[in-house]
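> What follows is a single structure, and I will ask about it in a moment.
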Amino acid sequence: MRFERIGIIGSGLMGSGIAQVAAYSGLRVTLVDIDQARVDAGIAGIRRRLEREAERGRIAAADCAASCERISGSADWESLAALKDVDAVIEAVVEDLGVKTAIFRRLGAVCREDALLASNTSSLPLSDLAAASGRPERVIGLHFFNPPWALKLVEIVATASTSEQTLAEAMQLCDKLGRVPVHVKDTPGFIANRLLVPFIFDAIRLLDSGVANAEDIDNACKVGLNHTMGPLATADLIGLDTLQLIAESMFEEYGESRFKAPTLLRRLVSLGHLGRKSGRGFFKYG
(Lines of atoms letter the chains of each structure in order from A and count residues from 1; the text may use other names and numbers.)
(Lines give C-alpha, C1' and ligand atoms only; values in the text may rest on other atoms or scores of the structure.)
Protein backbone atom coordinates (compact mmCIF):
# COMPACT_ATOMS: atom_id res chain seq x y z
CA MET A 1 0.00 0.00 0.00
CA ARG A 2 1.11 3.55 -0.66
CA PHE A 3 0.63 5.45 2.60
CA GLU A 4 -0.33 9.08 2.06
CA ARG A 5 -3.04 9.83 4.65
CA ILE A 6 -3.16 8.65 8.23
CA GLY A 7 -5.55 9.16 11.12
CA ILE A 8 -4.37 9.40 14.73
CA ILE A 9 -6.94 8.98 17.51
CA GLY A 10 -5.88 10.69 20.73
CA SER A 11 -4.11 14.05 20.85
CA GLY A 12 -2.19 13.62 24.09
CA LEU A 13 1.58 13.42 24.23
CA MET A 14 1.73 10.01 22.56
CA GLY A 15 -0.94 10.61 19.92
CA SER A 16 0.33 14.06 18.99
CA GLY A 17 3.88 12.71 19.00
CA ILE A 18 2.98 9.97 16.51
CA ALA A 19 1.14 12.58 14.42
CA GLN A 20 4.28 14.73 14.46
CA VAL A 21 6.41 11.84 13.21
CA ALA A 22 3.89 11.06 10.47
CA ALA A 23 3.60 14.65 9.29
CA TYR A 24 7.37 15.13 9.26
CA SER A 25 7.62 11.92 7.21
CA GLY A 26 5.39 13.41 4.52
CA LEU A 27 1.98 11.96 5.43
CA ARG A 28 -1.18 14.02 5.66
CA VAL A 29 -2.49 13.60 9.20
CA THR A 30 -5.96 13.86 10.72
CA LEU A 31 -5.73 14.14 14.51
CA VAL A 32 -8.94 13.19 16.34
CA ASP A 33 -9.94 13.68 19.96
CA ILE A 34 -13.04 14.00 22.09
CA ASP A 35 -13.32 17.80 21.85
CA GLN A 36 -11.87 20.67 19.84
CA ALA A 37 -9.87 22.07 22.76
CA ARG A 38 -7.87 18.86 23.04
CA VAL A 39 -7.36 18.68 19.29
CA ASP A 40 -6.12 22.28 19.21
CA ALA A 41 -3.80 21.66 22.17
CA GLY A 42 -2.34 18.60 20.47
CA ILE A 43 -1.68 20.45 17.22
CA ALA A 44 -0.21 23.41 19.11
CA GLY A 45 2.16 21.04 20.90
CA ILE A 46 3.31 19.59 17.59
CA ARG A 47 3.94 23.05 16.16
CA ARG A 48 5.83 24.10 19.28
CA ARG A 49 8.10 21.06 19.22
CA LEU A 50 8.83 21.35 15.50
CA GLU A 51 9.56 25.07 15.78
CA ARG A 52 11.94 24.39 18.65
CA GLU A 53 13.76 21.81 16.51
CA ALA A 54 14.00 24.36 13.68
CA GLU A 55 15.33 27.04 16.04
CA ARG A 56 18.04 24.63 17.18
CA GLY A 57 19.00 23.88 13.60
CA ARG A 58 18.00 20.22 13.79
CA ILE A 59 15.43 20.52 11.01
CA ALA A 60 14.96 23.05 8.22
CA ALA A 61 12.43 25.84 8.78
CA ALA A 62 10.74 24.88 5.51
CA ASP A 63 10.32 21.28 6.72
CA CYS A 64 8.82 22.55 9.96
CA ALA A 65 6.28 24.67 8.10
CA ALA A 66 5.43 21.90 5.63
CA SER A 67 4.93 19.38 8.44
CA CYS A 68 2.52 21.67 10.26
CA GLU A 69 0.58 22.25 7.04
CA ARG A 70 0.00 18.51 6.69
CA ILE A 71 -1.89 18.25 10.00
CA SER A 72 -5.62 18.81 10.40
CA GLY A 73 -7.87 18.09 13.36
CA SER A 74 -11.33 16.72 14.07
CA ALA A 75 -13.48 16.52 17.19
CA ASP A 76 -16.00 14.20 15.53
CA TRP A 77 -15.37 11.56 18.18
CA GLU A 78 -18.68 9.73 17.93
CA SER A 79 -18.66 8.85 14.23
CA LEU A 80 -14.94 9.18 13.37
CA ALA A 81 -16.20 10.14 9.90
CA ALA A 82 -13.08 12.24 9.29
CA LEU A 83 -11.15 8.96 8.99
CA LYS A 84 -13.28 7.36 6.27
CA ASP A 85 -10.71 7.89 3.51
CA VAL A 86 -7.38 7.45 5.34
CA ASP A 87 -4.91 4.69 4.45
CA ALA A 88 -4.18 3.83 8.08
CA VAL A 89 -5.36 4.66 11.59
CA ILE A 90 -3.32 4.52 14.78
CA GLU A 91 -5.34 4.62 18.01
CA ALA A 92 -3.43 6.17 20.92
CA VAL A 93 -5.95 6.80 23.70
CA VAL A 94 -5.99 5.89 27.40
CA GLU A 95 -5.25 2.25 28.31
CA ASP A 96 -8.89 1.36 28.85
CA LEU A 97 -10.16 -1.74 27.07
CA GLY A 98 -13.76 -0.48 26.93
CA VAL A 99 -12.76 2.82 25.33
CA LYS A 100 -10.45 1.17 22.81
CA THR A 101 -12.97 -1.54 21.94
CA ALA A 102 -15.64 1.08 21.19
CA ILE A 103 -13.19 2.94 18.94
CA PHE A 104 -12.32 -0.16 16.94
CA ARG A 105 -15.98 -1.00 16.55
CA ARG A 106 -16.52 2.44 14.98
CA LEU A 107 -13.39 2.14 12.83
CA GLY A 108 -14.66 -1.13 11.41
CA ALA A 109 -17.84 0.64 10.35
CA VAL A 110 -16.36 3.82 8.89
CA CYS A 111 -12.91 3.10 7.43
CA ARG A 112 -12.08 1.82 3.97
CA GLU A 113 -11.93 -1.96 3.62
CA ASP A 114 -8.21 -1.82 2.86
CA ALA A 115 -7.31 0.59 5.68
CA LEU A 116 -4.69 -0.56 8.18
CA LEU A 117 -6.16 -0.39 11.71
CA ALA A 118 -3.52 -0.14 14.44
CA SER A 119 -3.48 0.31 18.19
CA ASN A 120 -0.68 1.84 20.23
CA THR A 121 -1.71 -0.19 23.30
CA SER A 122 1.19 -1.21 25.50
CA SER A 123 -0.54 -3.84 27.60
CA LEU A 124 -4.10 -4.68 26.53
CA PRO A 125 -5.07 -7.78 24.48
CA LEU A 126 -5.05 -6.75 20.84
CA SER A 127 -7.24 -9.70 19.87
CA ASP A 128 -10.19 -8.09 21.67
CA LEU A 129 -9.79 -4.91 19.62
CA ALA A 130 -9.42 -6.92 16.42
CA ALA A 131 -12.65 -8.80 17.09
CA ALA A 132 -14.53 -5.57 17.81
CA SER A 133 -13.51 -4.11 14.44
CA GLY A 134 -15.25 -6.85 12.47
CA ARG A 135 -12.17 -7.12 10.26
CA PRO A 136 -9.55 -8.75 12.51
CA GLU A 137 -7.23 -9.56 9.60
CA ARG A 138 -6.58 -5.79 9.17
CA VAL A 139 -5.84 -5.03 12.84
CA ILE A 140 -2.30 -4.87 14.22
CA GLY A 141 -0.46 -3.39 17.18
CA LEU A 142 2.03 -0.56 16.62
CA HIS A 143 3.43 0.28 20.04
CA PHE A 144 5.48 3.48 19.88
CA PHE A 145 7.67 4.68 22.72
CA ASN A 146 7.59 7.97 24.57
CA PRO A 147 8.49 10.47 23.23
CA PRO A 148 7.78 9.01 19.78
CA TRP A 149 9.62 11.75 17.88
CA ALA A 150 12.85 10.83 19.71
CA LEU A 151 12.59 7.05 20.25
CA LYS A 152 12.57 5.02 17.05
CA LEU A 153 11.45 1.63 18.39
CA VAL A 154 8.02 0.29 17.45
CA GLU A 155 6.76 -3.07 18.72
CA ILE A 156 4.68 -4.69 15.96
CA VAL A 157 2.07 -6.99 17.46
CA ALA A 158 0.17 -9.44 15.26
CA THR A 159 -2.77 -11.47 16.52
CA ALA A 160 -3.63 -14.96 15.31
CA SER A 161 -6.01 -13.29 12.83
CA THR A 162 -3.65 -10.64 11.44
CA SER A 163 -2.97 -11.32 7.76
CA GLU A 164 0.51 -11.53 6.26
CA GLN A 165 -0.41 -8.59 4.04
CA THR A 166 -1.32 -6.48 7.07
CA LEU A 167 1.96 -7.38 8.76
CA ALA A 168 3.91 -6.46 5.62
CA GLU A 169 2.07 -3.14 5.33
CA ALA A 170 2.77 -2.37 9.00
CA MET A 171 6.47 -2.93 8.32
CA GLN A 172 6.17 -0.65 5.29
CA LEU A 173 4.52 2.06 7.40
CA CYS A 174 7.26 1.83 10.04
CA ASP A 175 9.85 2.25 7.31
CA LYS A 176 7.96 5.27 5.95
CA LEU A 177 8.01 6.79 9.45
CA GLY A 178 11.70 6.06 9.97
CA ARG A 179 11.02 3.69 12.87
CA VAL A 180 12.79 0.46 13.86
CA PRO A 181 10.28 -2.41 14.25
CA VAL A 182 10.52 -5.54 16.39
CA HIS A 183 7.98 -8.39 16.19
CA VAL A 184 6.28 -9.64 19.34
CA LYS A 185 3.38 -11.94 20.21
CA ASP A 186 0.09 -10.53 21.49
CA THR A 187 0.85 -10.77 25.21
CA PRO A 188 0.38 -8.02 27.84
CA GLY A 189 3.47 -5.84 28.12
CA PHE A 190 5.08 -7.21 24.95
CA ILE A 191 8.90 -6.99 25.24
CA ALA A 192 9.84 -3.60 26.60
CA ASN A 193 7.21 -3.14 29.31
CA ARG A 194 7.68 -6.66 30.65
CA LEU A 195 11.30 -5.72 31.24
CA LEU A 196 10.80 -2.07 32.18
CA VAL A 197 7.84 -2.12 34.57
CA PRO A 198 9.39 -4.41 37.22
CA PHE A 199 12.59 -2.34 37.03
CA ILE A 200 10.68 0.89 37.65
CA PHE A 201 8.68 -0.72 40.46
CA ASP A 202 11.88 -1.87 42.19
CA ALA A 203 13.14 1.72 42.04
CA ILE A 204 9.86 2.97 43.54
CA ARG A 205 10.11 0.44 46.37
CA LEU A 206 13.70 1.51 47.05
CA LEU A 207 12.49 5.09 47.33
CA ASP A 208 9.54 4.19 49.55
CA SER A 209 11.71 2.13 51.90
CA GLY A 210 14.16 5.00 52.35
CA VAL A 211 17.17 3.29 50.79
CA ALA A 212 17.96 6.44 48.78
CA ASN A 213 16.26 9.57 47.47
CA ALA A 214 14.85 9.88 43.96
CA GLU A 215 17.81 11.81 42.55
CA ASP A 216 20.36 9.29 43.82
CA ILE A 217 18.37 6.29 42.58
CA ASP A 218 18.16 7.78 39.11
CA ASN A 219 21.79 8.91 39.11
CA ALA A 220 22.91 5.40 40.07
CA CYS A 221 21.14 4.05 37.00
CA LYS A 222 22.36 6.79 34.67
CA VAL A 223 25.99 6.85 35.75
CA GLY A 224 26.45 3.28 36.93
CA LEU A 225 24.25 1.45 34.41
CA ASN A 226 24.73 3.88 31.50
CA HIS A 227 20.98 4.57 31.21
CA THR A 228 20.01 7.78 29.44
CA MET A 229 17.19 8.38 31.93
CA GLY A 230 16.63 7.03 35.43
CA PRO A 231 13.65 4.79 36.26
CA LEU A 232 11.78 7.38 38.31
CA ALA A 233 12.13 10.10 35.67
CA THR A 234 11.03 7.50 33.11
CA ALA A 235 7.93 6.79 35.20
CA ASP A 236 7.15 10.51 35.30
CA LEU A 237 7.53 10.70 31.52
CA ILE A 238 5.23 7.72 30.92
CA GLY A 239 2.65 9.16 33.33
CA LEU A 240 2.07 7.54 36.70
CA ASP A 241 -1.60 6.89 35.97
CA THR A 242 -0.70 5.24 32.67
CA LEU A 243 1.96 3.17 34.42
CA GLN A 244 -0.58 2.03 36.99
CA LEU A 245 -3.03 0.97 34.26
CA ILE A 246 -0.29 -0.96 32.45
CA ALA A 247 0.65 -2.68 35.70
CA GLU A 248 -2.93 -3.64 36.49
CA SER A 249 -3.33 -5.27 33.09
CA MET A 250 -0.07 -7.18 33.39
CA PHE A 251 -0.72 -8.26 36.99
CA GLU A 252 -4.16 -9.52 36.01
CA GLU A 253 -2.64 -11.56 33.19
CA TYR A 254 0.47 -12.95 34.90
CA GLY A 255 -0.38 -12.79 38.61
CA GLU A 256 3.27 -12.10 39.46
CA SER A 257 4.11 -9.76 42.34
CA ARG A 258 6.75 -7.98 40.26
CA PHE A 259 3.92 -6.47 38.19
CA LYS A 260 1.89 -5.29 41.19
CA ALA A 261 1.79 -1.49 41.44
CA PRO A 262 3.67 -0.29 44.55
CA THR A 263 1.80 1.54 47.29
CA LEU A 264 3.72 4.77 46.67
CA LEU A 265 2.72 4.78 42.99
CA ARG A 266 -0.94 4.37 43.87
CA ARG A 267 -0.68 7.10 46.48
CA LEU A 268 0.80 9.61 44.03
CA VAL A 269 -1.85 8.81 41.43
CA SER A 270 -4.64 9.31 43.98
CA LEU A 271 -3.17 12.72 44.82
CA GLY A 272 -3.12 13.72 41.14
CA HIS A 273 0.68 13.71 40.97
CA LEU A 274 0.93 12.02 37.58
CA GLY A 275 4.42 13.01 36.47
CA ARG A 276 5.44 15.52 33.83
CA LYS A 277 1.92 16.09 32.52
CA SER A 278 0.69 17.29 35.92
CA GLY A 279 3.89 19.10 36.91
CA ARG A 280 4.72 16.71 39.72
CA GLY A 281 5.43 13.02 40.20
CA PHE A 282 8.60 11.63 41.70
CA PHE A 283 10.13 14.95 40.65
CA LYS A 284 8.72 18.46 40.22
CA TYR A 285 8.50 20.12 36.81
CA GLY A 286 8.26 23.71 35.61
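Note that our numbering gives residue 109 to position 109 of the sequence shown, counting from 1, and the numbers run on in steps of one. Each residue gets a CB set at the ideal place from its N, CA and C atoms; glycine is no exception. Remember, predicted model here, so these are calculated numbers, not experimental data.
1) Can we say the segment 94 to 105 touches the segment 145 to 158, given the rule of at least three CB pairs closer than 8 Å?
2) What residue does the alpha helix (DSSP H) around Phe3 start on, and which one ends it?
3) Does DSSP put Ala139 in a helix, a strand or coil?
4) At the level of alpha carbons, what is the spacing between Pro181 and Val154?
5) Hey, which unbroken runs of the alpha helix (DSSP H) at 4 residues or more fall wholly within the segment 12 to 86?
6) Here's the rule I'm using: 16 or more other beta-carbon atoms within 10 Å means buried, otherwise exposed. How should Leu195 be labelled?
7) Kindly indicate which residue of Gly224, Ser249, Ser123, Gly239 has the alpha-carbon position closest to the one of Tyr285.
8) Nearest chain D C-beta to Val99 closer than 8 Å, yes or no?
9) Between Leu117 and Gly141, how many whole angstroms is the CB-CB distance? I'm expecting something under 8 Å.
10) For the putative contact between Ala92 and Gly15, defined by C-beta atoms under 8 Å, what is the C-beta separation to the nearest angstrom?
11) Measure from the alpha carbon of Gly12 to the alpha carbon of each residue in Glu137, Val94, Val21, Pro262, then state which is nearest.
12) Between Gly230, Leu232, Ala41, His143, which has its C-alpha nearest Ile191's C-alpha?
13) Could you tell me how far apart the beta carbons of Gly281 and Ala235 are, in whole angstroms, since I believe they sit closer than 8 Å?
14) Measure how close the beta-carbons of Leu31 and Gly42 come, nearest whole angstrom, since I'm counting them as under 8 Å.
The structure says:
1) no
2) From DSSP, Phe3 is part of no alpha helix (DSSP H); its letter is neither H nor E.
3) The question names Ala, but residue 139 in the sequence shown is Val. In this structure, DSSP gives Val139 an extended state, which the three-state scheme calls strand.
4) 5 Å
5) If one requires a minimum length of 4 residues, the alpha helix (DSSP H) runs lying completely within the segment 12 to 86 are 13 to 24, 36 to 55, 61 to 69, in chain order.
6) exposed
7) Gly239
8) Here chain D cannot be found, since the structure has a single protein chain.
9) No, Leu117 and Gly141 are not in contact; Cβ-Cβ is about 10 Å, not under 8 Å.
10) 4 Å
11) Val94
12) His143
13) Gly281 to Ala235, Cβ: 7 Å. Contact.
14) The pair is a contact, with the Cβ atoms about 6 Å apart (cut-off 8 Å).
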